[in-house]
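Student:
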Amino acid sequence: MADPIHESRAGAGDPRRIVLACTMRNEGPYILEWVAYHRSIGFTDLVVCTNDCIDGSPDLLDALQDAGVLTHVRTVVDSGDKPQLAAYRQAQDLPEVREADWAMVLDADEFLNIHVGDGRVTDLLDAVPEATAFLINWRVFGSSGHRDWSPEPVCERFTRAAALADGVNLSFKTLFTRIDAYWCRLMPHQPRYPHDGRHGELRYVDGAGAVLPDYFHDESRDDFLQSEPGRVSWALAQVNHYNTRSRDDYLVKHRRGGGLGIDWDLDRSWAAFDRNDEEDATILPKLPRARAVREALLDDPEIRRRHERCCRLYGLHVESLRSQNA
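For the sequence shown, this note's numbering puts the final residue at 326, and the numbers step up evenly by one.
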């Protein structure tokens with residue numbers, strides 16, 4: 001019998017281990033879609049960290065761990081620490097990360113959308129074999145006019161996005177190898193602080209495969225690294241960043257707060273990221289594989305029960321936030 005969950009590896013006979021790490025808080029209804037999609041494009045290992053959830057999502061992730069689908073880390077956050085950084089410090093020394101050939105960090109509202117080959121991670125790696133890091137820009141997706149939350153797939157509901165030149169797309173996420181070359185292997189946007197003597201091994205490329213200057217990895221620039229204006233490219237891949245989802249979902253996101261402890265104004269941020277300028281359906285042809293994995297996960301009665309509980313608790317949380325923001 002076909003097993004779409006465990007057949008979604010790097011590729012038949014491909015020995016490369018490719019790990020994806022994520023921090024999540026109150027993402028319950030959307031976990032199965034995110035997990036199924038990234039397994040379906042060839043990530044061989046998933047590491048998901050949670051803290052202080054109220055929607056039952058840690059229990060769902062425990063069930064997925066019991067099924068051999070991912071590794072779940074219940075993060076311990078000390079007073080004054082930043083939850084996201086605390087999670088990645090705990091996760092970066094796991095065997096799944098230490099023994100991987102390639103690694104990436106994505107959030108639960110980010111989906112790696114590859115435009116070469118069959119849309120798998122190995123197709124991207126093989127497109128520029130000399131690269132040690134791919135800096136893949138966001139494409140920020142807006143609400144597509146949705147105000148109400150829904151457990152329906154995010155990638156199908158939200159198809160309106162920012163135009164290429166919009167500054168919201170300047171940020172990137174990094175798929176990288178030479179994991180042991182860095183002091184900080186797992187960081188929100190890219191690994192940081194290469195060990196002395198390792199800089200010469202690193203070759204960073206952008207979303208078109210063009211080689212990037214050394215300051216993207218040699219720590220000679222202290223500011224937050226983004227692509228240079230006018231240099232965003234999605235030729236090889238993009239990160240679909242569903243920053244807002246619906247207005248309901250944005251209420252949940254705002255109440256949760258950022259994983260780096262940065263305060264932000266709900267209405268101002270909504271106006272900045274609710275970008276619906278163009279239709280982008282490029283991820284849709286990749287979804288049948290992901291749908292098969294998701295359906296196989298839901299065949300497990302315990303996973304289904306915990307997923308449905310997440311949806312129920314999330315819905316109650318939304319109702320509470322609606323009344324507070326009426």
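Glycine included, C-beta positions come from ideal geometry on N, C-alpha and C. Here the structure is a predicted model, which means the values were calculated and not measured.
Return the chain-ordered list of same chain residues with a C-beta closer than 7 angstroms to the C-beta of ALA91, the five sequence neighbours on each side being excluded.
Tutor: Taken in chain order, the residues that qualify are ALA21, VAL47, CYS49, VAL73, VAL97, LEU186.
Student: Which stretch, first to last residue, makes up the alpha helix (DSSP H) that contains VAL35?
Tutor: 31-40 is the extent of the alpha helix (DSSP H) around VAL35.
Student: Report the residue ranges of all alpha helix (DSSP H) runs contained in full by the stretch 249-304; include only those spanning at least 4 residues, in chain order.
Tutor: As far as the stretch 249-304 is concerned, its whole alpha helix (DSSP H) runs of at least 4 residues are 266-273, 287-298.
Student: Check for me: the alpha helix (DSSP H) holding VAL154 runs from which residue to which?
Tutor: It spans 154-157 - the alpha helix (DSSP H) in which VAL154 sits, taken as one unbroken run.
Student: Assign GLU27 to one of three DSSP states: helix, strand, or coil.
Tutor: If DSSP states are grouped into helix, strand and coil, GLU27 belongs with coil.
Student: Could you compute how far the alpha carbon of GLN190 sits from the alpha carbon of HIS307?
Tutor: Cα-Cα distance, rounded: 31 angstroms.
Student: As an exercise, report each continuous beta strand (DSSP E) stretch of at least 3 residues that is fully enclosed by the stretch 126-167, in chain order.
Tutor: Within the stretch 126-167, the complete beta strand (DSSP E) runs of at least 3 residues are 133-140.
Student: Pick from THR244, CYS184, PHE172: whose alpha carbon is nearest that of GLU228?
Tutor: Considering only alpha carbons, the answer is PHE172.
Student: I need the DSSP call for GLU219, collapsed to helix, strand or coil.
Tutor: Residue state, collapsed to three classes: coil.
Student: For ALA210, collect the residues of the same chain with a Cβ closer than 8 angstroms to its Cβ; drop the 5 residues on either side in sequence, then sort them by chain order.
Tutor: Answer for ALA210: SER233, listed in chain order.
Student: Quick check on GLU329: buried or exposed, where buried means 16 or more other Cβ atoms within 10 Å of its Cβ?
Tutor: The requested residue 329 is not part of the displayed model; the chain covers only 1 to 326.
Student: Rank HIS115, HIS254, TYR88 by C-alpha distance to the C-alpha of ARG268 and give the top, closest one.
Tutor: Per the Cα distances, HIS254.
Student: Below 8 angstroms on the Cβ atoms is my contact criterion, and I expect ARG231 with ASP214 to pass it. Report the Cβ-Cβ distance as a whole number of Å.
Tutor: That pair is no contact at about 16 angstroms.
Student: Excluding five sequence neighbours on each side, which residues of the same chain lie with their C-beta closer than 7 angstroms to the C-beta of ARG25?
Tutor: Answer for ARG25: THR50, ASN51, ASP52, CYS53, ARG256, listed in chain order.
Student: Pull up the distance between the alpha-carbon of ARG120 and that of VAL252, whole angstroms please.
Tutor: Taking the straight line from one Cα to the other gives about 31 angstroms.
Student: Can you give me the C-alpha to C-alpha distance between VAL76 and ALA87, rounded to a whole angstrom?
Tutor: Going by the C-alpha atoms only, they are around 8 angstroms apart.
Student: What residues are listed by DSSP as bridge partners for THR174?
Tutor: LEU135.
Student: Excluding the 5 residues preceding and the 5 following THR156 in the sequence, name in chain order all residues of the same chain whose CB lies nearer than 8 angstroms to its CB.
Tutor: It should be noted that the sequence gives Glu, not Thr, for residue 156. Same-chain partners within the cutoff: LEU284, LEU287.
Student: Within 10 angstroms of its Cβ, does ARG221 collect 16 or more other Cβ (buried), or is it exposed?
Tutor: Classification for ARG221: exposed.
Student: By the three-class DSSP mapping on this structure, what secondary structure does PRO15 have?
Tutor: In this structure, PRO15 counts as coil in the three-state DSSP scheme.
Student: What are the residues that DSSP puts in a beta bridge with TRP102?
Tutor: Answer is ILE18, bridged to TRP102.
Student: Compute the Euclidean distance between the alpha carbons of GLU110 and TRP34, then round it to the nearest angstrom.
Tutor: If you take the alpha carbons of GLU110 and TRP34, they lie about 8 angstroms apart.
Student: For GLU319, does the three-state DSSP call read helix, strand or coil?
Tutor: GLU319 falls in the helix class under three-state DSSP.
Student: Under a three-way DSSP split, which group does GLU228 fall into?
Tutor: Residue state, collapsed to three classes: coil.
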